[in-house]
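Q: Numbering (the numbering used here), first residue to last: 47 to 626. Quick reminder that beta carbons are idealized off the backbone N, C-alpha and C, glycines included. On a predicted model such as this, the values are computed, not experimentally measured, just so you know. Quick one: this structure, given as structure tokens, is what I'll be asking you about.
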């Protein structure tokens, strides 16, 4: 800006004059900064309501059991899998515990559990380290008193894969030892070379190698009792195991090898027998009678028949009763209506919130002169009503309301409208925007008792996949599913206007494709963000203009002061020459 000379010759308060002259320019900067702040506040207000829409969808879906977040990711589930619509009771829970899917048929079923599903298992018949050298079990050579050139070569095969272990020099440093995994055709999937001193390999090392391959078997060595255990990981006849042991030439042997030292035995229908190498073993299936359906075989003790889920506990008889859980259905619907009404009330308040235009965003100078509480109260009014009568939110609310009262096309029964199950809109009253739902519990219970499947279809029906036209698809969608779709449409409009904020992952949990249009069509920049960027550019331009104008004023006043100083000097010289 150069040297500023302020009033030395003129006696003027140049600094004050320049500041006063610059006030008009500062007003221009402040106005754009206020516009930018309003755009940011509006963006945040949109993000807040969109977050509430997302939380409503997610929380009600979770309440209905339509999503599963046990893995940390929300996964959609079908209505038929819901377990609160139908109740199932077992007269003997020590035989079987039961639950029913939504599509289970009401009735009473006689169940006879003849046999439980088991895995195949074997264990050492006695301690396996009796010949250990000096009692040392830290490695295979000492534990089993192996000779210097002894080799260990065996394979454990299941129905899909196998693990082959080869140690060719049990006491040597140099070896050609490996562990490899093969598919059921014998092709090698993975190979791990056991390099270095193989004399340090222990039985626990072999156990670790077997277990980490995930071929469908589990090995255990319990050092406290000195026993080795081997079993199939899953139950049922389809889960097989076969132990193959090879001699030095790679030829299968029937005994006398490494597994002979493990002394493995198994229970063969109550009789303890030694395992036979090269023989395939398997677990056993569960066998039940389901009413007149005899000897139904299942590979697991947990299975579903006729949409009734069984968890078998022991053999024996039990009676299973399936019926509609009226109270649970009413509770779920009531909870949804309460949450919907809360959302409607919140949206109505937002749309009718008073706007205080006489409270613009504070400038920096104004904030510096105010106390913290005064700023808080001012900004509370300044932020009020930013979304008053907002077209996007109003349109979304209207779409939600109308969607709930339009009939569902393609229904199998006569329950094709919300009013037919006792749910209506509250009467409009003074001071209320209306739109909340009320429940006639008696009528709802009657509808559930008469046709619970129709009630659930009315709420959650999915359109036929062959329907591609969006309007027709919406007409054939159940009311709650339709409501979710209407909300998602509104949320996408809000994201286009204000962006996702910090809630991108939340929105993806609502709908995996929520942000696709925003990314592809708008390059992830919302309309408000574009406005904010433009405001920032204008502010930079105005600030540069501000500095230029301020510099010009100072240059002009400095020139004036210099001229006055020169004139004063000349006047003083003349006075001196004239002797005055």
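1. Apart from the five residues just before and just after residue 442, which ones in its own chain have a Cβ nearer than 6 angstroms to its Cβ?
2. What first and last residue would you give for the alpha helix (DSSP H) that runs through residue 446?
3. Mind checking who residue 202 pairs with in its DSSP beta bridge?
4. Under the three-state reduction of DSSP, which class applies to residue 415: helix, strand or coil?
5. Which residue's Cα is closest to the Cα of residue 239: 248, 250, 214?
6. Given residue 393, which residues of its chain have a CB within under 6 angstroms of its CB, disregarding the five upstream and five downstream residues?
7. Verify whether the separation of the beta carbon atoms of residue 145 and residue 163 is less than 8 angstroms.
8. Can you tell me whether DSSP reads residue 634 as helix, strand or coil?
9. Does the stretch 423 to 441 touch the stretch 511 to 521, meaning 3 or more C-beta pairs lie closer than 8 angstroms?
10. Could you check what DSSP says for residue 312 in three-state terms: helix, strand or coil?
11. Specify whether the stretch 292 to 309 and the stretch 126 to 133 touch according to this definition: at least 3 beta carbon pairs, one from each stretch, less than 8 angstroms apart.
12. Quick check: what's the CA-CA separation for residue 247 versus residue 302?
13. If you drop the 5 nearest sequence neighbours on each side, which residues of the same chain put their C-beta closer than 6 angstroms to that of residue 167?
14. Out of 587, 447, 540, 374, state which residue places its alpha-carbon closest to the alpha-carbon of residue 574.
15. In this structure, does DSSP put residue 613 in helix, strand or coil?
16. So does the stretch 77 to 92 actually touch the stretch 407 to 417, counting three or more Cβ pairs closer than 8 angstroms?
17. Give the DSSP-derived three-state secondary structure of residue 181 in the structure shown.
18. Please state the DSSP three-state secondary structure of residue 282.
19. Given the structure, does residue 533 come close to the ligand GDP, in the sense that its CB is under 7 angstroms from one of the ligand's heavy atoms?
20. Considering only residues of the stretch 113 to 196, which uninterrupted alpha helix (DSSP H) runs meet the minimum length of 4 residues and lie entirely inside it, listed in chain order?
21. If contacts are defined as beta-carbon pairs under 8 angstroms, then residue 633 and residue 352 qualify, I think. What distance do you get, rounded to the angstrom?
22. My output table needs one value for residue 476: the three-state DSSP class, helix, strand or coil.
23. To the nearest angstrom, report how far apart residue 613 and residue 606 are at their CA atoms.
24. With residue 317 as the anchor, note down where its beta strand (DSSP E) starts and where it stops.
25. Name the DSSP bridge partner or partners of residue 236?
26. Under the three-state reduction of DSSP, which class applies to residue 434: helix, strand or coil?
27. Buried or exposed: which applies to residue 500, given that a residue is buried once 16 or more other Cβ atoms fall within 10 Å of its Cβ?
28. When you compare each of 481, 334, 455 to residue 387 by their alpha carbons, which one comes out closest?
29. Would residue 334 and residue 321 be called neighbours here (beta carbons separated by less than 8 angstroms)?
30. By the DSSP assignment, the beta strand (DSSP E) with residue 268 in it spans what residues?
31. Which runs of the beta strand (DSSP E) fall wholly inside the stretch 478 to 552 and span at least 3 residues, in chain order?
32. Please report the distance separating the alpha-carbon of residue 595 from that of residue 70.
33. May I ask you to list the residues that DSSP assigns as paired with residue 342?
34. Between the C-alpha atoms of residue 616 and residue 598, what's the straight-line distance to the nearest angstrom?
35. Do residue 327 and residue 319 have their beta-carbon atoms positioned less than 8 angstroms apart in this structure?
36. By alpha-carbon positions, which one of 325, 306, 94 ends up nearest to residue 171?
A: So, from the data block:
1. 536
2. 437 to 451
3. 209, 289
4. coil
5. Out of 248, 250, 214, 214 has the C-alpha closest to the C-alpha of residue 239.
6. Excluding sequence neighbours, residue 393 sits near 443.
7. Not a contact, by the Cβ cut-off of 8 angstroms.
8. Given that the chain is displayed from residue 47 to residue 626, the structure contains no residue 634 and the question cannot be resolved.
9. no
10. strand
11. no
12. 21 angstroms
13. 277
14. 540
15. helix
16. At 8 angstroms Cβ cutoff, the stretches touch.
17. Residue 181 falls in the helix class under three-state DSSP.
18. Reduced to three states, the DSSP call for residue 282 is coil.
19. Among the components modelled here there is no ligand, and therefore nothing to report on the ligand GDP.
20. 186 to 189
21. The chain is shown only over 47 to 626; residue 633 falls outside these bounds and no answer can be derived.
22. With a pLDDT of 48 at residue 476, under the threshold of 50, the modelled position of that residue is not reliable, and no figure is offered here.
23. 10 angstroms
24. Residue 317 -> beta strand (DSSP E) spans 317 to 320.
25. Paired residue(s): 227.
26. coil
27. buried
28. 481
29. no
30. Annotation for residue 268: the continuous beta strand (DSSP E) segment containing it runs 263 to 268.
31. 483 to 485
32. About 11 angstroms.
33. 334
34. 27 angstroms
35. no
36. For residue 171, the nearest C-alpha among the options comes from 306.
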